[in-house]
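Position in the sequence shown (first residue = 1) + 12 = the working numbering.
Here a beta-carbon is modelled for each residue, glycine too, at the ideal position from N, C-alpha and C.
It should be emphasised that the depicted structure is a prediction, and the values quoted were computed from it without experimental measurement.
Quick notes on the structure that follows.
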Amino acid sequence: MKIIDAHLHFFNAEGFKKTAREISQVNYCAQGLKDEFNKANVVAGVVMTTPARNLGDPCDLTLEDGTVDSLFYCVGVNPEELRKNREELANIERELKNTRATGLKIYAGYFPVYVYDPVYEPIYDLARKYKVPVAIHTGDTQTFNGLLKYSHPLTIDELAVTHPDINFIICHFGVPWVLDTAELLQKNPNVYADLSGLIAGNREVVLQTKDVRLFVELVQQGLVYAHSYEKILFGTDWPLVPIEPYVEFVKHVVPEQYHEDVFYNNALKVYPKLKKYVINDAG
Ligand SMILES: [Zn+2]
């Protein structure tokens with residue numbers, strides 16, 4: 013089965029290297045990702061780019077040893093920069109024009125701004141103009157200074173209702189608020205979710221989590237209640253976890269008859285710009 017990883021990170025920053033070293037033990041470099049893609053039959057990946065421009069060009073998909081050809085990206089949005097820097101919107105639009113750009117990414121919770129705040133309205137205008145979805149961080153924040161009231165999935169309900177012509181992707185299935193996410197999925201036709209980042213850890217940790225019945229059932233409860241397998245995307249949040257064991261984990265959680273959709277077809281539906289590349293690639 014061909015797989016699309018609809019949520020990962022690939023940026024030359026110390027934070028990701030540290031995660032790779034201390035949490036997941038993945039080989040955080042282009043060759044390392046290529047090897048993991050090959051092993052798990054991942055044919056394309058959507059990188060969520062950092063919202064910070066002070067560390068270098070966020071859409072430059074290269075690490076010290078180069079790039080991976082099958083990577084695309086969602087342009088990270090920094091609402092604080094949007095407020096104070098007149099050029100920020102132009103920067104984002106320029107990055108969105110790149111053939112590798114497939115969407116936009118909002119980091120709710122990491123920034124203390126609700127997703128329906130007017131500061132994001134020009135971003136939603138860009139989503140319409142370029143016909144791309146908006147992925148939104150939801151749920152737990154990795155850092156202590158994140159604020160959960162901004163990253164709760166319920167905040168996306170109003171956004172989805174007032175922007176019916178834009179598709180939104182609830183990243184990380186809103187974990188731990190999976191039932192809230194499920195309700196949004198079944199209610200709003202323009203709301204999708206990815207299953208990335210449900211676990212952070214090395215191969216052993218990921219495989220052990222398969223056997224943590226209540227954790228598996230927590231995710232399954234959300235999936236069953238939503239019954240929206242046509243809107244659920246596979247993603248890893250690499251380098252938080254190694255890819256191949258995470259595929260095993262998600263296969264364990266999602267009923268088999270939906271695997272083709274969750275691991276591949278749905279990503280092409282919500283990120284239509286991937287189609288050209290993936291279908292050409294298949295010959
Ligand atoms: Zn992520």
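Where the beta strand (DSSP E) through residue i begins and ends
i, result
"T114", "113–118"
"Y258", "Segment 255–265 is the alpha helix (DSSP H) holding Y258; no beta strand (DSSP E) there."
"G88", "83–89"
"F180", "180–182"
"G57", "54–60"
"L191", "Per DSSP, L191 belongs to no beta strand (DSSP E); it is in the alpha helix (DSSP H), 190–199."
"I15", "15–20"
"I104", "Here I104 belongs to no beta strand (DSSP E); instead the alpha helix (DSSP H) covers 100–109."
"I148", "146–148"
Host alpha helix (DSSP H) of residue i (start-end)
i, result
"Y136", "133–142"
"L160", "160–163"
"F227", "225–238"
"D249", "No alpha helix (DSSP H) holds D249; DSSP gives it neither H nor E."
Ligand 1 heavy atom lying under 6 Å from the CB of residue i
i, result
"D206", "no"
"M13", "no"
"D249", "yes"
Sub-7 Å separation of residue i and residue j beta-carbons
i, j, result
"I181", "A147", "yes"
"Y276", "K29", "no"
"N202", "P165", "no"
"A139", "I104", "no"
"Y136", "A113", "no"
Residue i: CB within 6 Å of a non-hydrogen atom of ligand 2
i, result
"P70", "As far as ligands go, the structure on display features ligand 1 and does not contain ligand 2."
Rounded distance between the beta-carbons of residue j and residue i, thought under 8 Å
i, j, result
"V187", "L160", "Going by Cβ atoms, the distance from V187 to L160 rounds to 12 Å, so no, they are not a contact pair."
State whether the region 242–256 contacts the region 47–62, with contact taken as three or more CB pairs (one from each stretch) at a distance under 8 Å.
yes
Touch check for the region 178–192 and the region 221–228: three-plus C-beta pairs under 8 Å?
no
Under 8 Å: do the region 258–276 and the region 30–48 share three or more Cβ pairs, one atom per stretch?
no
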